[in-house]
Amino acid sequence: METESVHCFGIKKNALAGLSLEKLTDMLQPLPAFRAKQIFRWLARGVRSFNDMTDISLVVREALEKRFSLYSSVISQQLSGNDGTVKIQITLEDGCTIESVLLADGKERKTACVSTQAGCAMGCVFCKTGAIGFRRNVRAVEIIEQFLHLRSIAAFSNVVIMGMGEPLLNLPALREALAFVANGARGGTDDAFSKRRITVSTSGIIAGIHDLADNGPDIRLAVSLTTADEAQREKLMPVTKTNPLPLLKKALVYYQRKTSKRVTLEAALLRNINTSRKHVDLLAEFARELDVVVNVIPWNPVAGLCFEGVPLQEPDEAEVGRFIAALRGKGLNVTARFKKGREVAGACGQLGFFSPCV
Ligand code: SAH
Ligand code: SF4
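Following the working numbering, the numbering of the sequence shown begins with 372 at its first residue and continues without gaps.
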């Protein structure tokens, strides 16, 4: 029989998930430290209720339930596709909503895709999240909770920070969250992640790339280049106006000098817009002196998005094939990402299908 007790003070329930083991142990006093560690491990597995903590006595579970909540956020909607993709909408404490996705890469491997902002201020014309605009940064604990909510649905082996928002404009929170996920801050659970399996994607925030190079974390970097035609990129991705391509390239050279890491250049392909021979040449020129792999993403349709007054369209297979072959002809490494998650509007650039904030 358990002897510890939990006192029930206070009215507002504090959430326990995402706290460090030290903070949790403090918070749970007078429970002994070993009990806090058991609870910590359950939390790291993404339990759905205190009752799932089967090695904790009923009396303690009930006391915990009265005083605390597991998460500050809730899964408010869930959609599953036939390709194994699961998209969840998460409602944060203040009613803002964000989206996270579990992508199935083959039979076993799953990748978690999480959001760092509710909406996005960058305004890329081809992206649903960009069309919604910016609401607020996601807090570190809310980033961690996305991992835990996804973890409660299925285990995953890779993480991409490619959900809603520009991660490098919320770097302190991202850093804190990744430290929790990656560095064994989980108190020795087997869920700790190798940083090699975490990729952060940026629209090209130069200061953030320098910050990553100088201060870490030591994760993989992807840059959404889209086009290496400066004038066109200014129109497609307004972030270019304050982060021009020559300086972005310099930042990447600096990043690679410091980290010796290969960088991914993502190219969302828009039919008849950024797929011509000229675009291949400019991209190859941008990639010179860099160690890169180009990830080609045929545009995932989002109704209502236009460029220069014309509705955007996805490229056909021939157009994509020609583009890839031409890049390879220039000696570049190229990978392609096809249509994953489209069925639940959980593919790249489609997040915001649910309204982002109430
Ligand atoms: N905000 C970050 C990460 C999220 S977007 C960034 O922009 O890098 C993840 C990737 O999806 C980016 O490379 C982006 O260019 C691409 N993308 C955006 N909208 C898209 C769409 N509708 N179809 C295909 N890719 C898209
Ligand atoms: Fe924001 Fe990325 Fe979408 Fe651009 S592509 S609007 S940076 S989420």
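From the three backbone atoms N, C-alpha and C, an ideal C-beta is built for every residue, glycine too. All figures in this text were calculated on a predicted structure; none of them were measured in a lab.
Are the beta-carbon atoms of residue i and residue j separated by less than 8 Å?
i	j	result
D600	H520	no
G534	E433	no
T570	V610	no
V509	T487	yes
F439	L387	yes
G455	E714	no
L596	L583	no
I461	T468	yes
I503	G717	no
M493	S574	yes
L429	I410	no
G712	L474	yes
R546	P588	yes
T598	N645	yes
N541	T482	no
R608	C491	For the sequence presented, residue 608 should be read as Met rather than Arg. No.
When the Cα atoms are used, what is the spatial distance from residue i to residue j?
i	j	result
G477	D397	42 Å
L392	K408	7 Å
P669	F709	7 Å
L549	A511	9 Å
R480	V472	14 Å
D585	L435	42 Å
A489	G466	11 Å
P686	A578	33 Å
S565	V594	21 Å
V667	N704	11 Å
A415	F551	10 Å
S647	K632	29 Å
T374	A404	Low local confidence applies: a pLDDT of 35 at T374 is under 50, so the model's placement there is unreliable, and no value is given.
C484	D423	25 Å
E688	L399	57 Å
C719	P401	46 Å
A553	F527	13 Å
F497	G417	34 Å
Q684	V431	57 Å
D426	Q448	30 Å
R506	T500	11 Å
What is the C-beta distance between residue i and residue j, in whole angstroms, given that I count them as a contact (C-beta under 8 Å)?
i	j	result
A658	L636	7 Å
E513	L463	6 Å
N671	Q721	5 Å
I576	L539	4 Å
Q634	V663	Looking at the sequence itself, residue 634 is Val, so the reference to Gln does not match. The Cβ separation is near 5 Å, so the contact holds.
A674	L654	Not confirmed; about 28 Å, so no contact.
- Residues near the ligand SF4, criterion Cβ-heavy atom distance below 7 Å: C491, M493, G494, C495, C498, T500, G501, M535, G536, E537, S574, S595, M608, V610 and G720
- Task: Report yes or no: do the stretch 620–627 and the stretch 514–528 share at least 3 C-beta pairs separated by less than 8 Å?
- Result: no
- Evaluate the contact criterion for the stretch 669–679 versus the stretch 441–454: three or more CB pairs, one atom per stretch, below 8 Å. no
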